[in-house]
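Chemist: Mapping of the sequence shown onto my numbering: residues 1020 to 1223, in sequence order.
All C-beta atoms, glycine included, are put in the ideal place defined by N, C-alpha and C.
I have a structure I would like to understand better, so I am pasting it below and will then ask my questions one at a time.
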Amino acid sequence: MMAVKFLFDRVTALLGLILLSPVLLVVAVAIRIKMPDGPVLFRQQRVGQYGKLFTNYKFRSMVNNHSGSTVSVAGESRITPLGAFLRRYKLDELPELWNVLTADMSFVGPRPDVPGYADQLKGEDRQVLLLRPGITGPATMKYRNEEELLAQQEDPQRYNDEVIYPDKTRLNLYYLKHYDFWTDIKMITCTVLGKHMMYNNEII
1020 MMAVKFLFDR VTALLGLILL SPVLLVVAVA IRIKMPDGPV LFRQQRVGQY
1070 GKLFTNYKFR SMVNNHSGST VSVAGESRIT PLGAFLRRYK LDELPELWNV
1120 LTADMSFVGP RPDVPGYADQ LKGEDRQVLL LRPGITGPAT MKYRNEEELL
1170 AQQEDPQRYN DEVIYPDKTR LNLYYLKHYD FWTDIKMITC TVLGKHMMYN
1220 NEII
């Protein structure tokens, strides 16, 4: 099944980059016009499969050379108006198709963490590093409105570290132990359509 997943990821990512090239071009031009103070693409080192670092690509959605928390909160000043639009419709993540094509990522799996979070994983939780990071996945779907949820918290960073991140790890471990290709297809479809689905006896 994993061989089928690997082949599906590569072929679909290539087709996606070709078919979505007009959208990619439009977004890139919009960023260059509306956010001329920096690059079109945001590049950042993320933790991949087996803990190996790779360069993650996204469309830039924040002001250039910003500083702040590793978690993003809806409405914060470092996110530009165009960036907020891109993040709302997940258009900022389209360049990650390249990461899928190069096998650094998969369509379905845990979101790639910044260095530091993976180092805190202990015991069984470290098994999530056996997975390639994904564009979507059970944890990503459950917390699709994560930025809005964090905006409601008095201490967003602490809430992320003590509540959201452990729950994401739990879901990702379940995904690892109960992998099914057709569930992957359902997750991808629900993500694209903005739908919810039942997974591990909960709605995600």
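Mapping DSSP to helix, strand and coil, what is F1168?
Modeler: Here residue 1168 is Leu; the residue named in the question, Phe, does not match the sequence. If DSSP states are grouped into helix, strand and coil, L1168 belongs with the helices.
Chemist: Per DSSP, M1081 is paired with what?
Modeler: M1081 is bridged to I1098.
Chemist: Can at least three beta-carbon pairs, one atom from the stretch 1115-1135 and one from the stretch 1066-1077, be found at a separation below 8 Å?
Modeler: Yes, they touch.
Chemist: Use the C-beta contact count for E1143: other C-beta atoms within 10 angstroms, 16 or more gives buried, fewer gives exposed.
Modeler: Burial call: exposed.
Chemist: Grouping DSSP H, G and I as helix and E and B as strand, with all else coil, what is N1219?
Modeler: Three-state result, N1219: coil.
Chemist: Check whether the Cβ atoms of V964 and N1179 sit closer than 7 Å, and answer yes or no.
Modeler: Because the chain spans 1020 through 1223 in this model, residue 964 falls outside it and cannot be assessed.
Chemist: By DSSP, does G1153 sit in helix, in strand, or in coil?
Modeler: In the structure shown, G1153 sits in a strand (DSSP, three-state: E or B).
Chemist: Answer with buried or exposed for G1156, where buried requires no fewer than 16 other C-beta atoms within 10 angstroms of its C-beta.
Modeler: G1156 should be labelled buried.
Chemist: Determine contact between the stretch 1201-1219 and the stretch 1158-1175, defined as no fewer than three beta-carbon pairs at a distance below 8 Å.
Modeler: These segments touch.
Chemist: Of all the options G1135, L1105, D1028, which has the alpha carbon lying nearest to the alpha carbon of L1043?
Modeler: Out of G1135, L1105, D1028, L1105 has the C-alpha closest to the C-alpha of L1043.
Chemist: Which residue's Cα is closest to the Cα of K1071: L1039, R1151, K1053?
Modeler: Checked all of L1039, R1151, K1053; the closest Cα to K1071 is R1151.
Chemist: For the 8 Å Cβ check, are there 3 or more pairs between the stretch 1043-1056 and the stretch 1100-1120?
Modeler: Short answer: they touch.
Chemist: With DSSP as the reference, label Y1136 as helix, strand or coil.
Modeler: If DSSP states are grouped into helix, strand and coil, Y1136 belongs with coil.
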